[in-house]
Amino acid sequence: MPTLTSELVASLAPDAASVAAARQVSHPRQWSATGHDDRAVWGTCRGYQSMVDLAAPAFSCSCPSRKVPCKHALGLLLLWAESPEAVRDAPVPAAVEEWLARRRKAPAERKPVDPEARAKRMAGRAARIGAGLEELDLWLRDLVRQGLASAQTRPFRYWDEMAARMVDAQAPGVGTLVRRMAGIVRSGDGWPGRLLAHAGRLHLLVEGWRRLDTLPAETQADLRTAVGWSWTAEEVLAGPAVRDRWRIVGRAVVDEERFRIQRTWLEGSETRRTALILDFAAGTAPLPAELVPGTVVDADLAFFPGTWPQRALVARRHAEPERLYDWGGASKIDEALDGHARALAANPWLDRLPMVLAAAVPAGNTLRDAGGVSVPLDVDDGGRWQLEAVSGGHPVGVAGEWRDGALRPLAVWADRRLVTLP
Amino acid sequence: MSVSWDDLVASAVIGTARRPPAIPEEPRTVLAAIDQDDAEGAVLKAGAVLGLYRQAGARPAVEDSPRPAPAPDERRPYCSVAAAERLDTMLAGRFRTVLGEWLRLVAGAGQLVPPDRLPALLHAGSVDPRLRASATDVIGERGRWLGGRNPAWAWASGTADDDAGTWATGSRDARRLVLARLRSTDPGRARQLLASTWATETAEDRAAFLGVLATGLSMDDEPFLEAALDDRRKEVRHAAAGLLWGLPRSRLGERMAERTRSLVEVPAVRLPEAVDRAMVRDGVVARPPAGAGQRAWWLHQLVSATPLSTWTGEPARLVEQAPPVLRQAWAEAAARQRDEEWAMALLDAGHIEQPALLGAVSHDRAVAVATRRVAGEGLTPGVIDVLDHCPDPWGPELSRVVVERLAEAVKRPTRPDGRLVGLAGRLDPTVAAAAVAAVADHSGRWSDVVSLFLDLLTFRAEMYEELPS
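Chains as they are written, first to last, in the numbering used here: chain H, -13 to 408; chain F, 80 to 548.
Given below as structure tokens:
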């Protein structure tokens, strides 16, 4: 854990309201049975027992809050940051020791994998996916034969049923791509061109899958990723790792029906590579909070295989995260878009790409670089004004996600500080 | 002519069942390999390739329209991170009542609100106009710049307001704000603005706008108000009379003095026989409130509206001799006419059923009176009324006495007055530690009230620590 400051504590919070709530439970008189050692800090507030594992950091609290960290855990850290005399070095209570032990316990020894059985399982799945994709191809060809004009009269069920068939065929990634077609049809001017390009890319997926064995390993991996056949952590970690001082430049959390997805974007300060850490949480379970935007961490990242590796896992951390003091990014929007073109040339199924700009000026719903090149922003009113407030019409660093020709800004860098956008 | 992307899309829209598709030839290196006999496959493959080309190659247009001038640099420092997080708490809705005090403290410390907090603060100011005056002191150049960018925050832009324009065309609330703001800086101009459109305002607006004139009220307003006594609508006449009752040198005041001189010869009092039309014009209400005697009610109103200078002699002596009906009316008159000598006489005699008297005396005296009452009687409902009227800042002495008495109140078996919590918003923050020590261990019984009180007081004490004064 770096030297604890209230700003750093605030950066661990899931949202601004949590910081506010934590402030209300960060007063020495509200805490009892507090203490810390070099691994953890703990205490009791209003009857709830809170503990923080400083290594991760990870949080535990007996309160009923669904937020992680909850206000008590944050309040405890604020208390420690601001009133160190209230949290003394102390022997670890049994409950805390147990929790730490559970957290540090090495994962149970796995049964050795039977390579033959595994190969058989994989071949079975590949065949099921192949059969599903053949069905998809017939459906796509039928769409083109009937004409895209007919697509506009199709009920949502038409798309949804095909998407569901792809999920049944163990190709959930294709299911998502099919379901998106329903949205494209209703996306206004120019939809036929967008639908054709999208359908064409699905067809390309079918074609690729048919001759999967003849393709380079990286392209095979791209196809596998596109159909939604995920990789195990062991598979990913077995590959080579990239060490860098990774700047954590932005984070997006998306609520799905039954789970939440967290996309954390990193940029290597030496390699200039970008990386995406994906986390999922079911229902109200907490999302990992180890990678905090506005910090930088010296770590090895293991990238998922592919021609344009983007998604990664943290294989090893060499040091505790530190506050971010420098910013990278492309100096021009065109430079960033050239990077995207190279990425798409390598892997046409890439959907969402990071864009990190060194200096651009937001105004209204556009972002303009020094050369006058201007891209549309995908922001709501709150994000738009937050951007303008932080920039004040001056160039600022911006990190975000590029998709469908617009930039969704996630964070803005100004005065050597990263402000995350709502 | 070569086949274009648009031709390909048109083919796809119509459908290969109706017409053989038009497949572009460029880029030849990729598209030459397409099997033209498989019409659907050719459309899909060409769509994939060209769609990707177009997506990867799309370049945004270069804009040369001028950008707005950037915000000037700040000349003052930003407040600390801790202070900014305290602001977040209040903007998120907790301890919202303290926000105005926080803004004044930041301004007093010569600091600014950091830019990333400005949208939330400006929004708060747009929703609650009372915050605007203190907010404009701490938003800096960046805040003014944002005020010029977002019409909803125009109040923050610092450009000269178009008062006359807003008055002519604005909404009722906007006009009322213009009038209130002008009234506190240039009362005469506000009155002239109101007079300029008076004849065309609705009765409801006339009454509402008159209420705004209570700020900065002076004899300059008297002719306008005297004329309003003849308004068509009762609400307007009453609002005008209410203001004139606070102007002892007004013509209304003279008429009232004329009426009461024949009725009152301290300590003797004669009740009026009737209410005539002239009295009604001057704001006297004939019908008494429930429980009051009719003629005593008439006398009460007449004396309340009579200039206190009508009564010859030492106020203290007069108060001592007077019967309760006179004292009550005088208390009301002293509060309205802001007559310190009479207010002090009434307060010293212990007749302060009219806590508004505290508004008529100097700040030091008001605090001294409140301190005496709290020390003498404890935090009774009546004393809490007095504290409500005691102007800020209370200072350490009054605050200390309140904390002492609060510690007693929370020890009693009866539930403490809920209004005690609000006192924590006004106590001098230096007594916070003493308050925690004094009431924390009684928190068992009335812990909800006690913890709300302590949370609020501690919140403010920490706020003061964060900001140099």
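In this text, a Cβ means the ideal position worked out from N, Cα and C, and glycines have one as well.
Notebook entry, point to check: When the distance is taken between beta carbons, is ARG233 of chain H closer than 7 Å to LEU264 of chain H?
Noted result: What you label residue 264 of chain H is simply residue 278 of the first sequence in a count that begins at 1. What you label residue 233 of chain H is simply residue 247 of the first sequence in a count that begins at 1. The Cβ atoms of LEU264 of chain H and ARG233 of chain H lie no closer than 7 Å to each other.
Note to self: So, does the stretch 200 to 211 of chain H touch the stretch 124 to 138 of chain F, judging by three or more C-beta pairs under 8 Å?
What the structure shows: Short answer: they don't touch.
Notebook entry, point to check: Which whole-angstrom value describes the C-beta separation of TRP66 of chain H and LEU(-6) of chain H, a residue pair presumed to lie in contact below a C-beta threshold of 8 Å?
Noted result: Counted from its first residue, the first sequence places residue 66 of chain H at position 80. Counted from its first residue, the first sequence places residue -6 of chain H at position 8. Contact annotation, TRP66 of chain H with LEU(-6) of chain H: C-beta distance approximately 11 Å; criterion of less than 8 Å not satisfied.
Next item on the list: Pick out whichever of F:ASP300, F:LEU292 and F:LYS313 has its Cα sitting closest to the Cα of THR281 of chain F.
Entry: Stepping through the second sequence from its first residue, residue 281 of chain F is reached at position 202. Ranking F:ASP300, F:LEU292 and F:LYS313 by Cα distance to THR281 of chain F puts F:LYS313 first.
Note to self: Does any residue of chain H have a CB that is nearer than 7 Å to the CB of TRP234 of chain F?
What the structure shows: The count along the second sequence starts at 1 and reaches residue 234 of chain F at position 155. For TRP234 of chain F, the answer is no, since every Cβ of chain H falls outside 7 Å of its Cβ.
Next item on the list: Using a Cβ-Cβ cut-off of less than 8 Å, give me the residues of the stretch 321 to 334 of chain H that come near chain F, in sequence order.
Entry: Taking 8 Å as the Cβ-Cβ cut-off against chain F, the residues of the stretch 321 to 334 of chain H that qualify are LEU323, HIS326, ALA327, LEU330, ALA331 and PRO334.
Item checked: GLN271 of chain F, enclosing alpha helix (DSSP H) - first and last residue -> Along the second sequence, read from residue 1 onward, the residue named residue 271 of chain F stands at position 192. Per DSSP, the continuous alpha helix (DSSP H) segment holding GLN271 of chain F begins and ends at 266 to 276.
Check: Just how far apart, CA to CA, sit THR293 of chain H and ALA375 of chain H?
Finding: One-based indexing of the first sequence puts residue 293 of chain H at position 307. One-based indexing of the first sequence puts residue 375 of chain H at position 389. In this structure, the straight-line span from the alpha carbon of THR293 of chain H to that of ALA375 of chain H is close to 39 Å.
Item checked: Three or more C-beta pairs below 8 Å linking the stretch 214 to 228 of chain F and the stretch 252 to 269 of chain F -> By the criterion of at least three beta-carbon pairs nearer than 8 Å, the stretch 214 to 228 of chain F is not in contact with the stretch 252 to 269 of chain F.
Margin query: With H, G and I counted as helix, E and B as strand and the rest as coil, what does DSSP make of ASP464 of chain F?
Written below: In the second sequence, residue 464 of chain F corresponds to position 385, counting from 1. If DSSP states are grouped into helix, strand and coil, ASP464 of chain F belongs with the helices.
Item checked: Terminal residues of the beta strand (DSSP E) in which ARG249 of chain H lies -> On the first sequence, residue 249 of chain H is found 263 positions in, with the first residue counted as 1. In the DSSP assignment, ARG249 of chain H falls within the unbroken beta strand (DSSP E) covering 245 to 254.
Next item on the list: Would you check if the distance between the CB atom of VAL122 of chain F and the CB atom of VAL171 of chain H is smaller than 7 Å?
Entry: Numbered from 1 along the second sequence, position 43 holds the residue referred to as residue 122 of chain F. Numbered from 1 along the first sequence, position 185 holds the residue referred to as residue 171 of chain H. Against a cut-off of 7 Å, the Cβ pair of VAL171 of chain H and VAL122 of chain F comes out as no contact.
Next item on the list: Mind listing the chain F neighbours of GLN132 of chain H? Cutoff is C-beta to C-beta under 7 Å, in chain order.
Entry: As a working note, residue 132 of chain H is residue 146 in the first sequence. Taking a Cβ-Cβ threshold of 7 Å, the residues of chain F close to GLN132 of chain H are GLY94 and ALA96, in chain order.
Notebook entry, point to check: How would you list, in chain order, the residues of chain H whose beta-carbon sits under 8 Å from the beta-carbon of GLY534 of chain F?
Noted result: Counting from one through the second sequence, the residue named residue 534 of chain F turns up at place 455. The sequence given here has Asp at residue 534 of chain F, not Gly. Residues of chain H passing the Cβ test: GLN10.
Margin query: Quick check on the DSSP output: the alpha helix (DSSP H) that includes ILE115 of chain H runs from which residue to which?
Written below: One-based indexing of the first sequence puts residue 115 of chain H at position 129. Note, ILE115 of chain H: alpha helix (DSSP H), 101 to 132.
Next item on the list: Kindly list, in the order they appear in chain H, the residues whose Cβ is closer than 8 Å to that of GLU164 of chain F.
Entry: Within the second sequence, residue 164 of chain F is the residue found at index 85, counting from 1. The answer, in chain order, is SER(-8), ALA(-4), VAL5, ALA6 and ARG9.
Margin query: Given this structure, state the Cα-to-Cα distance separating ARG268 of chain F from LEU261 of chain F, to the nearest angstrom.
Written below: Residue numbering aside, residue 268 of chain F sits at position 189 when the second sequence is read from its first letter. Residue numbering aside, residue 261 of chain F sits at position 182 when the second sequence is read from its first letter. Cα to Cα, the separation comes out at about 7 Å.
Check: Name the chain H residues whose beta carbon is nearer than 8 Å to that of LEU197 of chain F?
Finding: The residue you call residue 197 of chain F lines up with position 118 of the second sequence. Neighbours of LEU197 of chain F on chain H, chain order: ALA375.
Next item on the list: Check the Cβ of LYS313 of chain F against every Cβ in chain H and list those closer than 8 Å, keeping chain order.
Entry: Here residue 313 of chain F corresponds to residue number 234 of the second sequence, with the count starting at 1. Chain H residues near LYS313 of chain F: none, gap ~45 Å exceeds 8 Å.
Next item on the list: Classify PRO495 of chain F as buried or exposed, calling it buried when 16 or more other Cβ atoms lie within 10 Å of its own Cβ.
Entry: Residue numbering aside, residue 495 of chain F sits at position 416 when the second sequence is read from its first letter. Classification for PRO495 of chain F: buried.
Next item on the list: Could you spell out the range, first to last residue, of the alpha helix (DSSP H) harbouring THR211 of chain H?
Entry: Counting from 1 along the first sequence, the entry for residue 211 of chain H is found at position 225. Note, THR211 of chain H: alpha helix (DSSP H), 203 to 213.
Notebook entry, point to check: With distances taken between CB atoms, is the gap from SER441 of chain F to GLU411 of chain F smaller than 7 Å?
Noted result: Along the second sequence, one-based indexing puts residue 441 of chain F at 362. Along the second sequence, one-based indexing puts residue 411 of chain F at 332. The criterion of a C-beta distance shorter than 7 Å is not satisfied by SER441 of chain F and GLU411 of chain F.
Notebook entry, point to check: So is GLU253 of chain H buried or exposed if we call it buried at 16+ other beta carbons inside 10 Å?
Noted result: The residue you call residue 253 of chain H lines up with position 267 of the first sequence. By the neighbour-count rule (16 or more Cβ atoms within 10 Å), GLU253 of chain H is buried.
Next item on the list: Give every residue of the same chain whose Cβ lies closer than 6 Å to the Cβ of ALA392 of chain H, excluding the five residues on either side of it in the sequence, and list them in chain order.
Entry: Position 406 of the first sequence, counting from 1, holds the residue named residue 392 of chain H. Close CB contacts of ALA392 of chain H within its chain, under the 6 Å cut and outside five residues either way in sequence, are with PRO362 and ASP364 (chain order).
Note to self: Among H:GLY378, H:MET152 and H:PRO395, whose alpha-carbon lies nearest the alpha-carbon of ALA148 of chain F?
What the structure shows: Start at 1 with the first residue of the second sequence, and residue 148 of chain F comes out as number 69. Comparing Cα-Cα distances from ALA148 of chain F to each of H:GLY378, H:MET152 and H:PRO395, the minimum goes to H:GLY378.
Margin query: Let's test the definition: count the other Cβ atoms within 10 Å of the Cβ of THR260 of chain H and tell me whether it reaches 16, buried, or not, exposed.
Written below: Residue mapping note: residue 260 of chain H aligns to position 274 of the first sequence, counting from 1. By the 10 Å Cβ count, THR260 of chain H comes out buried.
Notebook entry, point to check: Under 7 Å Cβ-Cβ, which residues of chain F neighbour ALA2 of chain H?
Noted result: Taking the first sequence and counting its residues from 1, the one referred to as residue 2 of chain H is at position 16. In chain order: ASP167 and ALA171.
Note to self: Quick check on the burial criterion: 16 or more other C-beta atoms within 10 angstroms. Buried or exposed for SER306 of chain F?
What the structure shows: Against the second sequence, residue 306 of chain F aligns to sequence position 227. Residue identity check: residue 306 of chain F is Ala in the sequence provided, not Ser. Exposed is the call here.
Item checked: Closer than 8 Å at the beta carbon, the chain H residues around TRP571 of chain F -> One cannot answer for residue 571 of chain F here, as it falls past the ends of chain F, which runs 80 to 548.
Item checked: Own chain partners of VAL217 of chain F with C-beta closer than 6 Å, once the 5 adjacent residues on each side are dropped -> By one-based count along the second sequence, residue 217 of chain F stands at place 138. Annotation for VAL217 of chain F: LEU182, VAL185, ALA186, LEU191 and VAL192 place their beta carbon closer than 6 Å to its own, counting only its chain and skipping 5 residues before and after.
Margin query: Rounded to whole angstroms, what is the Cα-Cα separation between SER329 of chain F and GLN407 of chain F?
Written below: In the second sequence, the residue the question calls residue 329 of chain F occupies position 250. In the second sequence, the residue the question calls residue 407 of chain F occupies position 328. Going by the C-alpha atoms only, they are around 22 Å apart.
Next item on the list: Tell me, please, whether the CB atom of ARG146 of chain F is closer than 7 Å to any CB atom in chain H?
Entry: Here the question's residue 146 of chain F lines up with position 67 in the second sequence. Chain H contact via Cβ: present.
Check: So which residues on chain F does ALA135 of chain H lean against when the C-beta distance must stay under 8 Å?
Finding: Residue mapping note: residue 135 of chain H aligns to position 149 of the first sequence, counting from 1. Correct list: VAL92, ILE93 and GLY94.
Note to self: Does chain H have any CB closer than 7 Å to the CB of PRO547 of chain F?
What the structure shows: Reading the second sequence from its first residue, position 468 is the one you call residue 547 of chain F. Judged by the 7 Å Cβ criterion, PRO547 of chain F is not in contact with chain H.
Next item on the list: Could you check what DSSP says for LEU343 of chain H in three-state terms: helix, strand or coil?
Entry: Residue mapping note: residue 343 of chain H aligns to position 357 of the first sequence, counting from 1. DSSP, read as helix, strand or coil, puts LEU343 of chain H in strand.
Notebook entry, point to check: Does DSSP classify ALA76 of chain H as helix, strand or coil?
Noted result: Residue mapping note: residue 76 of chain H aligns to position 90 of the first sequence, counting from 1. DSSP places ALA76 of chain H in the coil class of the three-state scheme, outside both helix and strand.
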